[in-house]
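Heads up, the numbering used here is the position in the sequence shown plus 316, with the first residue counted as 1.
Heads up, the thing below is written out as structure tokens.
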Amino acid sequence: MPRPIPREAPLTIATCLVTAPPWDPRRESNSFSASISPLLAVLNLVFQRDIEGENELWKYSQVTYWWWSSLYNVEGGQRAIVFNRVLGIKDKVYAEGTHFMIPWFERPVIYNVRAQPNFVESTSGSRDLQTVRIGLRVLFRPVPDQLPTVYRTLGEDYDKRVLPSVIQETLKAVVAQYNASQLITQRENVSREIRRILTERALNFNIEVDDVSIVSLTFGKEFTAAIEAKQVAAQEAERAKFIVEKAEQDKRSAIIRAQGEAKSAQLIGQAIANNPAFITLRRIEASRDISHLVMSSNNKVYLDSAELLLNLQSLKHPQDGK
Numbered sequence: 317m318p319r320p321i322p323r324e325a326p327l328t329i330a331t332c333l334v335t336a337p338p339w340d341p342r343r344e345s346n347s348f349s350a351s352i353s354p355l356l357a358v359l360n361l362v363f364q365r366d367i368e369g370e371n372e373l374w375k376y377s378q379v380t381y382w383w384w385s386s387l388y389n390v391e392g393g394q395r396a397i398v399f400n401r402v403l404g405i406k407d408k409v410y411a412e413g414t415h416f417m418i419p420w421f422e423r424p425v426i427y428n429v430r431a432q433p434n435f436v437e438s439t440s441g442s443r444d445l446q447t448v449r450i451g452l453r454v455l456f457r458p459v460p461d462q463l464p465t466v467y468r469t470l471g472e473d474y475d476k477r478v479l480p481s482v483i484q485e486t487l488k489a490v491v492a493q494y495n496a497s498q499l500i501t502q503r504e505n506v507s508r509e510i511r512r513i514l515t516e517r518a519l520n521f522n523i524e525v526d527d528v529s530i531v532s533l534t535f536g537k538e539f540t541a542a543i544e545a546k547q548v549a550a551q552e553a554e555r556a557k558f559i560v561e562k563a564e565q566d567k568r569s570a571i572i573r574a575q576g577e578a579k580s581a582q583l584i585g586q587a588i589a590n591n592p593a594f595i596t597l598r599r600i601e602a603s604r605d606i607s608h609l610v611m612s613s614n615n616k617v618y619l620d621s622a623e624l625l626l627n628l629q630s631l632k633h634p635q636d637g638k
């Protein structure tokens, strides 16, 4: 009579399955020998006991193994396709979630469909034969609906097979259309042109380009020195222009000041001719200013009317006629 299954048998089987190497859908080495490793651990446990009393344990281990190996997960931002050993790559694309497959006969191939960066540096020649080193950052991702075609034609490392050569060729073709100075002043137009051509080329390989950015732009030593000399010359020209404008303004200011003084003298002459007492008024104002200046000094000074510019003796009273 066969012996009953020990109570620790399910726990031992579960431990063997958990500690076995996990299923990695990206490795080509996931063959039968790799995927059946949990089953081999269970068989080792079974054959250590009396086989006649372990038929139920054997059935339990088979069911557990096939159920464990028939499920796979697709994480967020990923898509999966399934390779069948008989039919090849299936045309269906699996979205996020848990999916069923036939163990050993099928294996999933997981693709990342998030935007991924690719940085490329290229040394090119501009239209005026200047050496330009340009760095480009490209955000790309595969077209989710075309993943079976991508796997058949390019494989899992599609980005390494296609993007480097396409980006290099596009950069050289676009940079050759601009002068070195235009690459600086028209940087946005250059980036837009690179993105347009690169998007068209990448779609031929079922790759979408989301964004293209020029992250670095370096010229040769000779061109850099020429730009610096040009900037210095431009600053000197601006300085000379400022000096000329300042001299012109000083000239206009002197003319305006002279015209004002001439007009003032003309008005004073007219005032003296019309009223001789105007000079007397100015003498009184001058003597007042002199007295204030002397008063503010620490020295004591005695001034007569002549020194104060009053010259009162020379004044004639209108009633005396003197």
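Note that CB positions come from ideal geometry on N, CA and C, so glycine has one too.
Flag this pair as yes or no: are the beta carbons of residue i and residue j separated by less than 8 Å?
| i | j | result |
| --- | --- | --- |
| E524 | R457 | yes |
| N400 | R443 | no |
| R517 | V482 | yes |
| S532 | G451 | yes |
| T534 | R449 | yes |
Residues in the same chain with beta-carbon distance under 7 Å from residue i, minus the five sequence neighbours each way, listed in chain order, please.
| i | result |
| --- | --- |
| P419 | S351, W382, S385, S386 |
| V390 | A396, Y410, A411, E412, G413, H415, I426 |
| A589 | none |
| R453 | P433, F435, S529, V531 |
| K488 | S438, S440 |
Quick check on DSSP: helix, strand or coil for residue i?
| i | result |
| --- | --- |
| A431 | coil |
| G576 | helix |
| Y474 | helix |
| G536 | coil |
| S440 | strand |
| N505 | helix |
| R423 | strand |
| F348 | Because the pLDDT at F348 is just 43, under 50, the model does not fix this residue reliably, and the point stays unresolved. |
| F416 | strand |
| N389 | strand |
| F558 | helix |
| S481 | helix |
| P464 | helix |
| N590 | helix |
| A489 | helix |
| S612 | coil |
Do you know how far the Cα of residue j is from the Cα of residue i?
| i | j | result |
| --- | --- | --- |
| R503 | A492 | 14 Å |
| I405 | L519 | 21 Å |
| F363 | V459 | With a pLDDT of 48 at F363, under the threshold of 50, the predicted position of this residue should be treated as unreliable, and no value is reported. |
| L470 | I500 | 37 Å |
| D527 | S507 | 10 Å |
| D509 | F539 | Residue identity differs from the one stated: residue 509 is Glu in this sequence, not Asp. Each residue's Cα considered, the two are about 24 Å apart. |
| P424 | T447 | 47 Å |
| E437 | E554 | 37 Å |
| Q577 | A549 | For the record, residue 577 in the displayed sequence is Glu; it is not Gln. Their backbone Cα atoms lie some 42 Å apart in a straight line. |
| N428 | V402 | 26 Å |
| A574 | M611 | 34 Å |
| I606 | K557 | 46 Å |
| R468 | Q484 | 25 Å |
| A563 | S580 | 25 Å |
| R568 | Q586 | 27 Å |
| D566 | N505 | 46 Å |
| S497 | E561 | 30 Å |
| I572 | Q582 | 15 Å |
| N614 | H608 | 12 Å |
| L479 | G536 | 27 Å |
| N591 | I559 | 47 Å |
| S603 | I584 | 19 Å |
Using DSSP's beta-bridge definition, name the partner residues of residue i.
| i | result |
| --- | --- |
| D527 | L455 |
| Q394 | N428 |
| Y410 | A396 |
| V448 | S440, F535 |
| I405 | F399 |
For residue i, which residues from the same chain have a beta carbon less than 8 Å from its beta carbon, with the 5 sequence-adjacent residues on both sides left out?
| i | result |
| --- | --- |
| D475 | Q432, N434, F456, I523 |
| T465 | N522 |
| Q462 | N522 |
| G392 | E412 |
| R511 | V525, D527, V528 |
| K417 | First, the amino acid is wrong: residue 417 is Met here, not Lys. Hits under 8 Å: S386, L387, Y388, V398, R423, P424. |
| A570 | none |
Can you find the residues in the same chain that come closer than 6 Å, C-beta to C-beta, to residue i, ignoring five residues on each side of it along the sequence?
| i | result |
| --- | --- |
| I513 | T486 |
| D407 | P464 |
| L421 | Note that residue 421 corresponds to Phe in the displayed sequence, not to Leu. Hits under 6 Å: R401. |
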